[in-house]
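Numbering (our numbering), first residue to last: 393 to 964.
Built from N, CA and C at the ideal position, the CB exists for glycine as well.
Presented below is the structure to which this report refers.
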Amino acid sequence: MAKATKPPQGKAPRATKSQPKAAVPEKVTITYDLFALPTAQHKAGLAGLLLQIRSMTQRKPALPAPCVLEWAATSATIEFTEPTLLSLMNHLYDAENVRVNVRAKWPNTTPITEDYVEDTDAQGKKKRIKVFVYEVCQPKGHFLRRYFEGEREIWLKLWRDMLWAIPRGNPQSRQPFEQRARGELCKEGPAAWSDMVKVAVAREKNDLHTAPVAGSLWLGAQATNAETIPFEGRAEQNLLLHFWPLASLVYVPQIVTPDGNSNAVGFVLAIPEVVSLKNFLANYPRMLAELRPDARGIRPAEAIIDLPAEGALSFMEHLACLAMDKATEAANSDLQATIGGVDYLHLAKIGNNIKAMSSGRVSVRPHLLEQYQVIVGRPNASAPYRNPLFRRGLMLALLNDVPWFRPFRELFAEWPHKFFVPCDDSPKLPWFWADARTKLKEVRHNMPTDPQSQPEPNDKLAQLIYRLVRSYLAAMAADKSGVRLDGFKSDDKIQWENVPREYKEARQRAAETLFLEYRSRHDQAFVNHFVARLGAVKQYLNEGDYVLVSQALMTRCEDVKTLTLLALSANS
């Protein structure tokens, strides 16, 4: 009798029939909802995807593109097929090889050839200089190219430079562009379609398909971190991250160094948090078309900013200016109906690494843009403030919703006094003291003249301290120089161009000395010195004004100190 045998332990019985493979879908339909997307980059990416599809379908002849089945203010339903998705990615990453001339050799790279070109120096003299010719891969940027032609091509160059320095700073990440420059299929297309198929299969099982996210797509992300933990996102949402650069603006922050020079450090990316696709897709292309071509060096003048957060303010200002023919309230309402705010990221390539210098978000709020335009002098007025440090202080106050003078407290404490009062080694920047004088005069001009109206307490305090400082410096200058200003008045106005140089120099030295004395004192030591110095000369304040200054000295000593230093700068 035959013995029954048992199957080997640990091995499952082999199936008699092979399992049928799931059919590969020909179409994958995805519905994107703005409020379900996790970040501003994803929301800007959805807007960028729709702009890219529109750009492709408007070309003559039209290119195969994914079909937008339905879209509304906050959602869009898009149908992808393999041919249309490949076409989409090929068009997005389209590039060409171009030759560029540079004055210095690139490290570890051999130039194609050397040449001589004509150049103009700072004095306007023409001369021939030696250049080295290299061939580089250059993104075409079809969508942006439509708006950045001719004189505005400087904006397209800025976008390309940012792309190569930040998200594609690693040469390995430039492969999709290099493939297109060689006329090959972009690798991102097949990879995206493979993920879309997996999304459809997972959806049939009521599941999600996730995939790694590269830092070249999601800024700050790593496919795998130092602890070998993968960074993943939903694959259909990852697709959107290819397109956020189309819906963002690039800025160049100027950093003032302690020696008084101004250097560009990295790039600031202003990424809008889109709340209405219809409004954004209607207004954003118009905004691009209205960017000014004026240049400052090799960059657009409007792209030069003093503070990373200014990139967000500038983006909102450009978008709001499309509705400036309306009342201010209506323009702000239109802006709020388009974007909820703007994320900004200040990134710089240092060595082989991309460093995040700062980041944040600026939300749309009433009167924000009106006050920003007062600082920068737009849209139709000349800039009232020219010193980058002064503008930076005013913008910090605006963003943090504090009195306009408060951010200067740290500035005065950390920077050399030569930046704030004129002296022999003051840097060759637009004068800080001139901007301080302009601001204090503006505060005085805006104070109510009606006795029944109460001025804003901070403005009143600023004006009282300005008067105390001015009286003190006038008395000190007259005593040291022997010059009396009464002899240089005409129609009760001093003709400063006729005042002797000795008087001006004595006043300047007195302001510099007192600035240093006050800056080095804190709390009660400052209060004592404030009273002793400014009270040493005749002051003309009524009882109520004296009470206001005295209360501020007891309760807001640091604010009084900051206003005093500003007044000394303005009168130096």
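Residue i, buried or exposed, once every other Cβ within 10 Å from all chains shown has been counted against 16
i      : result
Tyr508 : exposed
Arg489 : Checking the displayed sequence, the identity of residue 489 turns out to be Asn instead of Arg. Exposed is the call here.
Asp951 : buried
Gln444 : buried
Gly437 : buried
Trp888 : exposed
Glu848 : exposed
Gln728 : buried
Gln629 : buried
Asp735 : buried
Val591 : buried
Arg451 : exposed
Leu680 : buried
Asn482 : buried
His837 : exposed
Met970 : Outside the modelled stretch of the chain, which goes from 393 to 964, sits residue 970, for which no answer is possible.
Phe427 : exposed
Lys662 : Before going further, note that residue 662 is Ala rather than Lys in the sequence given. Ala662 is buried by the Cβ-count criterion.
Gly785 : buried
Gln943 : exposed
Arg691 : buried
Arg876 : exposed
Own chain residues within Cβ distance below 6 angstroms of residue i, not counting five before or after
i      : result
Tyr643 : Val660, Ala695, Ile697, Gly703
Lys395 : For Lys395, the predicted model reports a pLDDT of 48, less than 50, meaning its position is unreliable and no value from the coordinates is stated.
Ala828 : Leu958, Ser961, Ala962
Ser755 : Gly733
Leu585 : Residue identity check: residue 585 is Trp in the sequence provided, not Leu. Excluding sequence neighbours, Trp585 sits near Glu474, Leu477.
Leu945 : Val919, Val952
Lys913 : The sequence given here has Arg at residue 913, not Lys. Cβ within range, chain order: His921.
Tyr539 : Leu680, Ala681
Arg948 : none
Ser750 : Pro700, His738
Leu790 : Gln763
Arg753 : Gly733, Asp735
Thr423 : Thr469
N-terminal and C-terminal residue of the alpha helix (DSSP H) that residue i is part of
i      : result
Met946 : 935 to 947
Asp425 : No alpha helix (DSSP H) holds Asp425; the beta strand (DSSP E) holding it covers 419 to 425.
Gly625 : No alpha helix (DSSP H) holds Gly625; the beta strand (DSSP E) holding it covers 624 to 626.
His483 : 474 to 484
Asn792 : 780 to 792
Pro568 : 567 to 573
Pro677 : 669 to 681
Val923 : 915 to 926
Pro849 : 849 to 873
Asn655 : Where Asn655 is concerned, there is no enclosing alpha helix (DSSP H), although the beta strand (DSSP E) it sits in stretches over 654 to 656.
Thr830 : 824 to 838
Val768 : 760 to 768
Ala805 : 800 to 806
Glu909 : 893 to 911
Contacting residues, own chain, Cβ-Cβ under 7 angstroms from residue i (five flanking each side not counted)
i      : result
Arg801 : Glu950, Thr954
Phe569 : Tyr485, Ala487, Cys529, Pro531
Leu865 : Arg899, Ala902, Ala903, Asn963
Extent of the continuous beta strand (DSSP E) to which residue i belongs
i      : result
Phe659 : 659 to 666
Ala748 : 745 to 755
Val460 : 459 to 463
His738 : 731 to 742
Ala487 : 487 to 494
Pro645 : 641 to 648
Gln530 : 518 to 531
Pro582 : Unbroken run through Pro582 is the alpha helix (DSSP H), 580 to 596; no beta strand (DSSP E).
Ala603 : 602 to 604
Beta-carbon contacts of residue i that lie in its chain and below 8 angstroms, excluding the five residues immediately before and after
i      : result
Ala719 : The predicted model places Ala719 with a pLDDT of 48, which falls under 50 and marks its position as unreliable; any figure quoted below should be read in that light. So no residue of the chain qualifies.
Gln571 : Tyr485, Leu577, Cys578, Lys579
Val605 : Ala613, Ala615, Phe623, Glu624, Gly625, Asn630, Leu633
Asp425 : Thr466, Ser467
Ala693 : Arg684, Asp686, Ala687
Met787 : Asp698, Leu699, Ala701, Glu702, Leu705, Tyr764, Ile767
His809 : Cys815, Glu904, Phe907, Leu908, Arg911
Val813 : Trp825, Gln900, Ala903, Glu904, Phe907, Leu960, Ser961, Ser964
Presumed contact (8 angstroms Cβ cut-off) between residue i and residue j, rounded CB distance
i      : j      : result
Leu832 : Val941 : Going by Cβ atoms, the distance from Leu832 to Val941 rounds to 16 angstroms, so no, they are not a contact pair.
Ala639 : Ala439 : 4 angstroms
Leu669 : Leu442 : 7 angstroms
Ala748 : Leu761 : About 27 angstroms; that fails the 8 angstroms criterion.
heavy atom of the ligand NAD below 7 angstroms from residue i C-beta
i      : result
Leu803 : This structure lacks the ligand NAD; in fact it carries no ligand of any kind.
Is the stretch 496 to 512 close to the stretch 524 to 538, with three or more CB pairs under 8 angstroms?
Yes, they touch.
Count the C-beta pairs between the stretch 817 to 825 and the stretch 770 to 784 that are closer than 8 angstroms, then say yes if the count reaches three, no if not.
Yes, the stretch 817 to 825 touches the stretch 770 to 784.
May I ask you to verify whether the stretch 529 to 539 touches the stretch 706 to 715, counting CB pairs closer than 8 angstroms and requiring at least 3?
Result no; under three Cβ-Cβ pairs closer than 8 angstroms.
With a threshold of 8 angstroms, are at least 3 pairs of Cβ atoms found where one atom belongs to the stretch 561 to 568 and the other to the stretch 458 to 465?
No: the two stretches stay apart, fewer than three of their Cβ pairs being nearer than 8 angstroms.
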